[in-house]
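Just so we're aligned, residue 12 is where the sequence shown starts under my numbering, counting upward by one. No residue lacks a Cβ here, since even glycine has one placed at the ideal position from N, Cα and C.
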Amino acid sequence: MPDEPSPTVSSGIELPLAGGRLTIDLGALVANYRLLAQLSAPAQALAVVKADAYGLGIEPVVNALWNAGCRRFFVALPEEGFRVRKAAPEAGIMVLSGLFGVDAAAAFVEARLIPVLNSQTDIAIWEAHGWDGDVPRPCVIHVDTGMNRLGLTLEAARAFAEENALTRALTPVMIMSHLACGDDSGHPMNRRQLELFQELRAIFPGIESSLANSAGVFLTKDFHFEATRPGIALYGGNPSAAGNNPMRPVVTAEARILQVRQAKTGTAVSYGASQILTRDSLIAIASVGYADGYHRSASGAGVPLRHGGTRGAAGFLHGRRVPVVGRVTMDLTMFDVTELGPGAVGPGDFIEIFGPNMPIDDVAKAAGTISYELLTSIGRRYHRTYVGTA
Ligand SMILES: *Cc1c(COP(=O)(O)O)cnc(C)c1O
Numbered sequence: 012m013p014d015e016p017s018p019t020v021s022s023g024i025e026l027p028l029a030g031g032r033l034t035i036d037l038g039a040l041v042a043n044y045r046l047l048a049q050l051s052a053p054a055q056a057l058a059v060v061k062a063d064a065y066g067l068g069i070e071p072v073v074n075a076l077w078n079a080g081c082r083r084f085f086v087a088l089p090e091e092g093f094r095v096r097k098a099a100p101e102a103g104i105m106v107l108s109g110l111f112g113v114d115a116a117a118a119f120v121e122a123r124l125i126p127v128l129n130s131q132t133d134i135a136i137w138e139a140h141g142w143d144g145d146v147p148r149p150c151v152i153h154v155d156t157g158m159n160r161l162g163l164t165l166e167a168a169r170a171f172a173e174e175n176a177l178t179r180a181l182t183p184v185m186i187m188s189h190l191a192c193g194d195d196s197g198h199p200m201n202r203r204q205l206e207l208f209q210e211l212r213a214i215f216p217g218i219e220s221s222l223a224n225s226a227g228v229f230l231t232k233d234f235h236f237e238a239t240r241p242g243i244a245l246y247g248g249n250p251s252a253a254g255n256n257p258m259r260p261v262v263t264a265e266a267r268i269l270q271v272r273q274a275k276t277g278t279a280v281s282y283g284a285s286q287i288l289t290r291d292s293l294i295a296i297a298s299v300g301y302a303d304g305y306h307r308s309a310s311g312a313g314v315p316l317r318h319g320g321t322r323g324a325a326g327f328l329h330g331r332r333v334p335v336v337g338r339v340t341m342d343l344t345m346f347d348v349t350e351l352g353p354g355a356v357g358p359g360d361f362i363e364i365f366g367p368n369m370p371i372d373d374v375a376k377a378a379g380t381i382s383y384e385l386l387t388s389i390g391r392r393y394h395r396t397y398v399g400t401a
């Protein structure tokens with residue numbers, strides 16, 4: 012494929028000029044896809060690549076997954092659908108956030124995007140402006156079974172099904188709903204949504220059905236139906252809120268150490284002087300901050316930026332976890348490297364912010380958030396490298 016962009020692309024920022032480096036392992040991504048496909052079988056695993064493939068880069072991710080056999084992709088926005096269309100001209104592309112009104116319908120036609128219809132308005136627009144492929148005006152029907160986010164009510168879906176059986180104006184190629192609590196396997200909400208989804212299936216007999224996101228793949232088989240929609244697990248996030256992460260880490264974020272300083276007990280670190288050192292310390296200053304998506308809420312222990320008692324994030328340096336100390340700032344974060352001993356760390360070393368040694372879910376938790384937000388917040392200042400394709 013000479014016209015395809017090489018998967019080994021960089022952001023254009025040279026490493027000597029960058030504060031950090033981001034390594035994206037497409038081999039691990041593909042291994043995760045294969046595991047999810049295997050767990051989903053006989054259902055098909057379709058890839059969710061919205062939000063720039065959770066921050067990893069939609070083009071290299073789609074290329075790698077296409078080469079691994081994935082043929083259908085979900086995005087959130089039509090604009091993202093255009094990018095997938097360019098990367099994978101033959102792919103099936105489904106747009107989760109719906110039609111965006113009449114003005115956007117032409118774009119769906121041009122790029123042959125399949126809208127996820129979330130309302131009666133969406134349905135009416137697609138009846139008037141859809142494209143015909145092998146089937147007339149293909150669409151996905153999304154029904155809300157317990158989130159009050161997007162989707163038709165079950166009653167509206169039933170009314171649509173009855174009418175469409177007569178008019179055949181649209182061809183629903185899939186019905187879907189979304190789990191609110193899939194990451195908590197014991198939550199009663201899962202069963203309730205499953206039951207409502209079964210009712211929906213009875214309304215649309217014989218149509219491909221999809222309920223499970225990443226977490227849903229790890230619930231019992233009856234959540235899989237014909238198609239699953241994993242996102243976060245592809246990218247290495249833990250699909251369950253509890254328990255070991257079965258996925259391989261895909262992203263490694265590292266920050267350059269700019270300086271190591273000796274700081275006296277009783278002195279303060281960073282803005283607000285809110286963390287006071289309780290011993291003479293070695294403080295490593297790393298070139299990463301909230302402008303790079305390293306959230307300010309990851310600040311050090313005792314810094315009053317979080318609710319609850321979390322201890323602040325840590326990085327991984329020379330075989331050890333070292334805690335953030337003081338507030339994370341826009342461009343810089345301080346780490347307490349006292350335990351590593353004098354001379355062990357110096358300028359030009361790189362500290363792992365998250366990756367194989369510093370699980371992204373741990374960092375996210377320390378920052379009071381989830382891996383999804385950490386990934387989709389990754390900033391543009393990293394030097395990016397894609398590895399792991401044959
Ligand atoms: C984002 C999204 C997914 C993927 O969810 P993960 O938890 O990342 O696997 C699946 N379905 C819908 C409707 C989504 O919005």
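Judged by beta-carbon spacing, residue 345 lies within the 9 angstroms limit of residue 295, meaning their Cβ atoms are closer than that value.
Beta-bridge partners assigned by DSSP to residue 150: 183. Straight-line spacing of the CA atoms in residue 111 and residue 297 works out to 42 angstroms. In the three-state scheme derived from DSSP, where H, G and I count as helix and E and B as strand, residue 200 is classed as helix.
Scanning 180, 139, 102 for the CA closest to the CA of residue 115 turns up 139. Below 8 angstroms, enough C-beta pairs join the region 333-342 and the region 298-306 to call them touching: three or more.
For residue 261, the secondary structure class from DSSP, reduced to helix, strand or coil, is coil.
One Cα belongs to residue 248, the other to residue 258, and the distance between them is close to 7 angstroms.
Taking non-hydrogen atoms of ligand 1 into account, the C-beta of residue 243 is found less than 8 angstroms away from one of them. Secondary structure of residue 381 (DSSP, three-state): coil. If you check the CB distance, residue 221 and residue 238 come in under 9 angstroms.
Only residues of its own chain outside the window of five on either side were considered, and among them none has a CB closer than 6 angstroms to the CB of residue 384. Taking 9 angstroms as the cut-off, the Cβ atoms of residue 356 and residue 268 count as close. The beta carbon of residue 185 sits no closer than 8 angstroms to any heavy atom of ligand 1. With a threshold of 8 angstroms, the Cβ atom of residue 193 counts as near ligand 1, since some heavy atom of the ligand is closer than that. As summarised for the region 61-127, the continuous beta strand (DSSP E) elements at least 3 residues long and confined to that stretch are 83-86, 103-106, given in chain order. Distance between residue 192 and residue 59, taken at the CA atoms: about 18 angstroms.
Listed in chain order, the non-local C-beta contacts of residue 271 below 8 angstroms within the same chain comprise 293, 294, 295, 296, 348, 356, 357, 358, local neighbours out to five positions each way being set aside. Contact between the region 92-102 and the region 63-76 is established, with three or more Cβ pairs separated by less than 8 angstroms. Residue 377 holds the alpha-carbon nearest to the alpha-carbon of residue 307 among 377, 395, 229, 209. Contact fails between the region 222-231 and the region 168-183, because fewer than three Cβ pairs, one in each stretch, are under 8 angstroms apart.
Using a Cβ distance threshold of 9 angstroms, residue 155 and residue 398 do not count as a contacting pair. For residue 178, the uninterrupted alpha helix (DSSP H) segment begins and ends at 165-178. Take the alpha-carbon of residue 90 and the one of residue 207: they are about 32 angstroms apart.
The beta-carbon separation of residue 56 and residue 73, rounded to 15 angstroms, does not stay under the 8 angstroms limit for a contact.
In chain order, 102, 103 place their CB closer than 7 angstroms to the CB of residue 82, counting only its own chain and leaving out the 5 sequence neighbours on each side. Where residue 140 is concerned, there is no enclosing beta strand (DSSP E), although the alpha helix (DSSP H) around it starts and stops at 131-140. Contact check for residue 327 against residue 363 passes: the beta carbons are separated by less than 9 angstroms.
The distance from the Cβ of residue 244 to that of residue 67 is about 13 angstroms, inconsistent with a contact at the 8 angstroms cut-off. With at least 16 other beta carbons inside 10 angstroms of its own, residue 372 counts as buried. Here residue 283 has 338 as same chain residues with Cβ atoms under 7 angstroms from its own Cβ, once five neighbours each way along the sequence are excluded.
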